[in-house]
Amino acid sequence: CSHHEKHTPVQDSDHEPKGTLFIIGGGDRDDSLMQEMIGVSGWKKGDLITAITLCSVYDSAYHWINDQLQRMSGQACVRFDSAAIHDEKKLDSLSRSKIIFIGGGDQSRMMSLIEGSEVKKIIQEAYRRGATVGGTSAGAAIMSEKMITGNQLRDTAYQSTFPVLADSNLELKEGLGLLDSVIVDMHFIARSRYNRLLSAVMENPRYQCIGID
Numbered sequence: 166c167s168h169h170e171k172h173t174p175v176q177d178s179d180h181e182p183k184g185t186l187f188i189i190g191g192g193d194r195d196d197s198l199m200q201e202m203i204g205v206s207g208w209k210k211g212d213l214i215t216a217i218t219l220c221s222v223y224d225s226a227y228h229w230i231n232d233q234l235q236r237m238s239g240q241a242c243v244r245f246d247s248a249a250i251h252d253e254k255k256l257d258s259l260s261r262s263k264i265i266f267i268g269g270g271d272q273s274r275m276m277s278l279i280e281g282s283e284v285k286k287i288i289q290e291a292y293r294r295g296a297t298v299g300g301t302s303a304g305a306a307i308m309s310e311k312m313i314t315g316n317q318l319r320d321t322a323y324q325s326t327f328p329v330l331a332d333s334n335l336e337l338k339e340g341l342g343l344l345d346s347v348i349v350d351m352h353f354i355a356r357s358r359y360n361r362l363l364s365a366v367m368e369n370p371r372y373q374c375i376g377i378d
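With the first letter of the sequence shown counted as 1, position 148 gets the number 313 in our numbering; the numbers rise by one all the way through.
#1: Residue range of the beta strand (DSSP E) that M312 falls in?
#2: Starting from I203, trace the alpha helix (DSSP H) in both directions and tell me its first and last residue.
#3: Whose C-alpha, out of I189, K254, V366 and C242, is nearest the C-alpha of D212?
#4: Suppose you measure from the CA of L318 to the CA of M237; what does that come to, to the nearest Å?
#5: Is D257 buried or exposed, if buried means 16 or more other CB atoms sit within 10 Å of its CB?
#6: Nearest to E336 by CA position, among F327, Q373, G342 and Q233, is which residue?
#7: I need the DSSP call for R361, collapsed to helix, strand or coil.
#8: With I267 as the anchor, note down where its beta strand (DSSP E) starts and where it stops.
#9: Buried or exposed: where does Q324 fall if 16 or more other Cβ atoms within 10 Å of its Cβ makes it buried?
#10: With DSSP run on the structure shown, which of helix, strand or coil describes A216?
#11: For I214 and Q233, what's the separation of their Cα atoms in angstroms?
#12: Quick one: what's E368 bridged to in DSSP?
#13: Could you compute how far the alpha carbon of K210 sits from the alpha carbon of A322?
#14: From this set, R294, N316, Q289 and G295, which residue's C-alpha is nearest M308's C-alpha?
#15: Go ahead and label L259 buried or exposed: buried means 16 or more other beta carbons lie within 10 angstroms of its beta carbon, across all protein chains shown.
#16: If we ignore side chains and look at the alpha-carbon of each, how far apart do M199 and N231 end up?
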């Protein structure tokens, strides 16, 4: 399922963003879902679509996004990978994109790669001006200012779900900050992430915590 919601970024709380967030929990994306994202965005022929693949280490990540969106739009997506982070032309394309789509993988990897760059600010400003920012799996979690990494602090062996509820076990890091008081978790039902999101609820009572399947 998808969730698209307008929310004020923490950096500019006095101005409501004109853009839309289109957040997908992960897994297969059928064409009707992606067509809905295109429709929500107001995209028209010639508008840029950027595919951000920084969460993944695989070259196939771009093709997985581009093949589907190019089939629908008739034009290739701008490829935004690790080589693009300090590329002025790619950064300009990112800032002018009508749709910015963030693929899956490891959300912490993307935030680590863009640290010290202008990428986070550019995405926030594009969203504020009217861009649709979509994301799936890791691209869903990264929407939040307080971002779930998936790691446990008490048991460092990775598990797709938390077997127990324990205080100070949930790791949160800095995300893109498009949602400043919402924490998003993904693959919610398929991977039984109830304990993980309940941990976020208990440790961040002022936040809305949303699990998306």
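We put the CB at the ideal spot given by N, CA and C, even for glycine. All values derive from a computational prediction rather than experimental measurement.
So, to answer that:
#1: K311 to Q317
#2: D196 to S206
#3: C242
#4: 42 angstroms
#5: exposed
#6: F327
#7: helix
#8: I264 to I267
#9: exposed
#10: strand
#11: 12 angstroms
#12: BP columns for E368 are empty, so no partner.
#13: 47 angstroms
#14: Q289
#15: buried
#16: 12 angstroms
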